[in-house]
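Asker: Here the sequence shown is numbered in full-length UniProt numbering, starting from 1 and rising by one per residue. Virtual Cβ for every residue (Gly too), placed ideally from N, Cα, C. I'd like to ask some things about the structure below.
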Amino acid sequence: MSSHKCDNLPASISNCLCCVFSLTYAKTGAAIVRLPQATAFQVFDQKTLHLLEPRYATSKPIHADTLPELAQKMGVDAANFAETIRQYNAATPHDAVEKFNAFALDHVSTGTALAIPKSNWALPIDQGPYVAYGVTCGITFTYGGLRTDDAAHVLNEEGLVMPGLWAVGEIAGGFFAFNYPGGSGLTKGAVFGKIAGEAAAERAKTLRG
1 MSSHKCDNLP ASISNCLCCV FSLTYAKTGA AIVRLPQATA FQVFDQKTLH
51 LLEPRYATSK PIHADTLPEL AQKMGVDAAN FAETIRQYNA ATPHDAVEKF
101 NAFALDHVST GTALAIPKSN WALPIDQGPY VAYGVTCGIT FTYGGLRTDD
151 AAHVLNEEGL VMPGLWAVGE IAGGFFAFNY PGGSGLTKGA VFGKIAGEAA
201 AERAKTLRG
């Protein structure tokens, strides 16, 4: 489970109770799905709007000249939202704007000031007008699947190889539980797909004689 998000830009992801969370990928999605209406908001100011990915153009953002107005339009508690932004801004480095690099890990961090630190791209959110995007979560793939060995063979209930049957990608289980690193699903599909494909081709040659 992952959130529809923008990884590499400074943004406040505020839920409907106005508590900021800054988790990683699948865990962010899991946090969002537990919220009322499974909805959170990404908040941007004018310093980074030009860096948004093109897919954001298909959404309908919320615009506001001030943060209180933005909170009202998002339908969240204005006082909690203001305090969340205040704490985040106070934790950003004084030279964040000068050191900010959207295209590299710039180590512009909130350090230990927040319970969950923002380790890169920690720009203050203070230059209006402001824009908020409502976000939710979606299913990337399930963690369970067929039992396989390290050669991608499917194993039966006794743990024995089922000849001529391989499983790779999302249908192969045993790789993840509770969380997974971003991109690793594609990686395991590519690696074990190559292993299984080569083995299947070799088996086909053998059967043809």
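(1) Can you tell me which of Glu-53, Leu-52 and Pro-61 puts its alpha carbon nearest to the alpha carbon of Ala-40?
(2) Quick check on Thr-148: does DSSP put it in helix, strand or coil?
(3) By the three-class DSSP mapping on this structure, what secondary structure does Tyr-56 have?
(4) If you check the beta carbons only, do Ala-115 and Ala-91 fall under 8 Å apart?
(5) Going by C-alpha distance, which of Glu-198, Val-33 and Ala-71 is nearest Tyr-130?
(6) From Ser-22 to Glu-157, what distance separates their C-alpha atoms?
(7) Roughly how many angstroms lie between the CA atoms of Phe-178 and Arg-208, to the nearest whole one?
(8) Give the DSSP bridge partners of residue 210, in chain order.
(9) Excluding the 5 residues flanking Gln-46 on each side, which residues of the same chain have their C-beta closer than 6 Å to its C-beta?
(10) Among the residues of its own chain, which have a CB less than 7 Å from the CB of Leu-49, if the five just before and after it don't count?
(11) Would you mind working out which of Arg-203, Ala-38, Phe-141 and Val-43 sits nearest Pro-163, comparing C-alpha positions?
(12) Whole-angstrom Cβ separation of Gly-173 and Gly-145, contact assumed at under 8 Å?
(13) Assign Pro-163 to one of three DSSP states: helix, strand, or coil.
(14) Indicate whether Ala-199 and Ala-167 have their beta-carbon atoms separated by less than 8 Å.
(15) If you follow the beta strand (DSSP E) that Val-154 is part of, which residue opens it and which one closes it?
(16) Helix, strand or coil: which one does DSSP assign to Tyr-138?
(17) Closest to Phe-192 by C-alpha separation, out of Gly-183, Leu-105, His-153 and Pro-54, would be which residue?
(18) Looking at the secondary structure, which residues open and close the alpha helix (DSSP H) in which Gln-87 lies?
(19) Helix or strand or just coil, what does DSSP make of Ala-104?
Answerer: Reading off the structure:
(1) Pro-61
(2) strand
(3) helix
(4) no
(5) Between Tyr-130 and the set Glu-198, Val-33 and Ala-71, the nearest pair of CA atoms involves Ala-71.
(6) In this prediction, Ser-22 has a pLDDT of 47, which is less than 50 and means its spatial position is unreliable; what the coordinates show is noted afterwards. So the two alpha carbons sit approximately 41 Å from each other.
(7) Roughly 44 Å separates the two Cα atoms.
(8) Here the chain comprises residues numbered 1 to 209, so residue 210 is not present and cannot be evaluated.
(9) Gln-127
(10) Val-131
(11) Here the closest residue by C-alpha is Arg-203.
(12) 3 Å
(13) strand
(14) no
(15) 153-155
(16) Looking at the sequence provided, one finds Gly at residue 138 rather than Tyr. Here Gly-138 sits in strand by DSSP.
(17) His-153
(18) Counting along the chain, the alpha helix (DSSP H) containing Gln-87 begins and ends at 78-91.
(19) coil
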